[in-house]
Amino acid sequence: MIQPHGSKLVERVLHGEDKERALEKAKVLPSLKLNFESVSDVENISFGNFSPLEGFMGEGEYRNVLNHMRLSDDLPWPIPIVLDVEKEVAKKLKIGQEAILCNESNDPIALLHLEEKYAYNREEMAEKVFQTKDTSHPGVAKVRGMKDVLLAGKIDLIQESPTPFYNYKLKPIETRVLFKEKGWRTVVGFQTRNTPHMGHEYVQKTALTFTDGIFVNPVIGSKKKGDFKDEVILASYDELIKHYYLKERAVVAILQMEMRYAGPREAVFHAIMRKNFGCTHIIIGRDHAGVGNYYSPYAAQDIFEEFPDLGIVPLFFMSFSFCKKCNLVVNEKTCPHKPSEHINFSGTRIRELLIQGKIPPPELMRPEVAKIILGYDNPFVE
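The opening residue of the sequence shown carries number 0 in numbering that gives the first Met the number 0; numbering runs sequentially from there.
Structure follows, in structure tokens:
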């Protein structure tokens, strides 16, 4: 099976007496209340989704990632994983001290072993990660709203935060066992934040033709207005796989993490995480992890040329559409017919039809999937 990123799958989870001791410490140690996104980062570090990271990045690692998209040991890594706090909070914490990280309900979730405190430039972070300073970009707006000081140090998870999607939650150590039990030597990962339309099914099944199994891995967590709600995405994929996939060839599991909409950098980040889950390949489509018009359509594919040492194979898909004459989903390499014969997979158009209570034509979306979506009063993030 493919090695995790950095060759070692990280697990920083406390059990038994260690967990009990940490819960006792939680009564007296200083505590930091984290938002949902930072809690997700804590869990992704602890379960090995972010291997080889064992905690939040120190200043040297942060600057290396920002400027070179690599860790200090030259391992590819494009997105800073950091923990921000107010200056007043940082002043009260001492290097070498432990602190308790809590979720929004003030439940203790992890121990932070504080190694560094450092200042940073928000504009620099935004411009380098997102290639823009425009606050209309959701990632830029998020960075602009971050607090003044970054804390660094290894973490140990005390307990997971509850999620309504627990049945869909698999850790890398579990997916690796599952893929092995299924006899999958090659696995293609599919990143998504949307319900499936026929274009998605086309790229998934095309990739599955050349691999043993597909790992559909929807992002669950904070998304922008107009994206589909988490429960809608999962229910629609359950319905699609029930009717149109060989069950022994497809697995659906969530990735609890915020979308950063960082385009090219985030595409590489997504590939690294799927490598940690045990995927040998990942589907990278047009405008992967993009938003608006901030990135050229294939920037998220071009960036992979900078990472020949990534250790997972990207499968690039160009534009595709439904050709009425071919009566198939096609791309520019497979269809000779003029554009007037094509129906494009427009997410905006599909949303418009669903908002009107209409089932999109079968060339765009499976009717079973559309009916699941329409079963929700409001399937979109507001």
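Just so you know, even glycine gets a beta-carbon here, dropped at the ideal spot from N, CA and C. Note that this is a predicted model, so its numbers are computed, not measured.
- Using a 10 angstroms sphere on the CB of threonine 134, the tally of other CB atoms stays under 16, which defines it as exposed.
- For leucine 314, the enclosing beta strand (DSSP E) stretches over residues 312-315.
- Considering only Leu113, Ile157, Ile154, Lys168, the residue with the shortest C-alpha distance to valine 148 is Leu113.
- Only residues of its own chain outside the window of five on either side were considered, and among them Val186, Gly277 have a CB closer than 6 Å to the CB of phenylalanine 178, listed in chain order.
- Nearest to methionine 0 by C-alpha distance, out of Asp211, Met124, Val64, Arg264, is Asp211.
- Counting the other Cβ atoms within 10 Å of the Cβ of valine 27 gives fewer than 16, which makes it exposed.
- In the displayed model, glutamate 230 falls within a helix according to three-state DSSP.
- At the C-beta level, aspartate 308 and proline 75 come within 8 Å of one another.
- Looking at the DSSP output, glutamine 130 bridges to nothing.
- In this chain, the beta strand (DSSP E) harbouring aspartate 155 covers 148-156.
- Taking a 10 Å sphere around the C-beta of aspartate 40, we find 16 or more other C-beta atoms and assign the residue as buried.
- Within the same chain, Asp211, Gly212 come within 7 Å of tryptophan 183 by CB-CB distance, once the 5 residues on both sides are set aside.
- Taking proline 263 as reference, the option from Phe306, Lys246, Met256 with the minimal CA-CA separation is Phe306.
- Under the Cβ criterion (8 Å, minimum of three pairs), the region 149-169 does not count as touching the region 316-323.
- Glycine 220 places its beta carbon less than 8 Å from that of glutamate 257.
- For threonine 347, there is no enclosing beta strand (DSSP E); the residue is found in the alpha helix (DSSP H) stretching over 346-354.
- The criterion of a C-beta distance shorter than 8 Å is satisfied by proline 77 and phenylalanine 268.
- Across the structure, phenylalanine 227 and isoleucine 94 are spaced so that their CA atoms are roughly 42 Å apart.
- According to the DSSP assignment, alanine 25 belongs to no beta strand (DSSP E), since it is labelled neither H nor E.
- Rounded to the nearest whole angstrom, the CA to CA distance from alanine 98 to lysine 181 is 41 Å.
- The three-state reading of DSSP puts asparagine 377 in coil, since its state is none of H, G, I, E or B.
- A direct Cα-Cα distance of roughly 32 Å separates proline 313 from methionine 145.
- Shortest Cα-Cα distance from tyrosine 165 to any of Pro107, Leu82, Ile253, Val176 involves Ile253.
- With the rule of 3 Cβ pairs closer than 8 Å, the region 100-120 counts as touching the region 30-38.
- In the displayed model, tyrosine 297 falls within coil according to three-state DSSP, outside both helix and strand.
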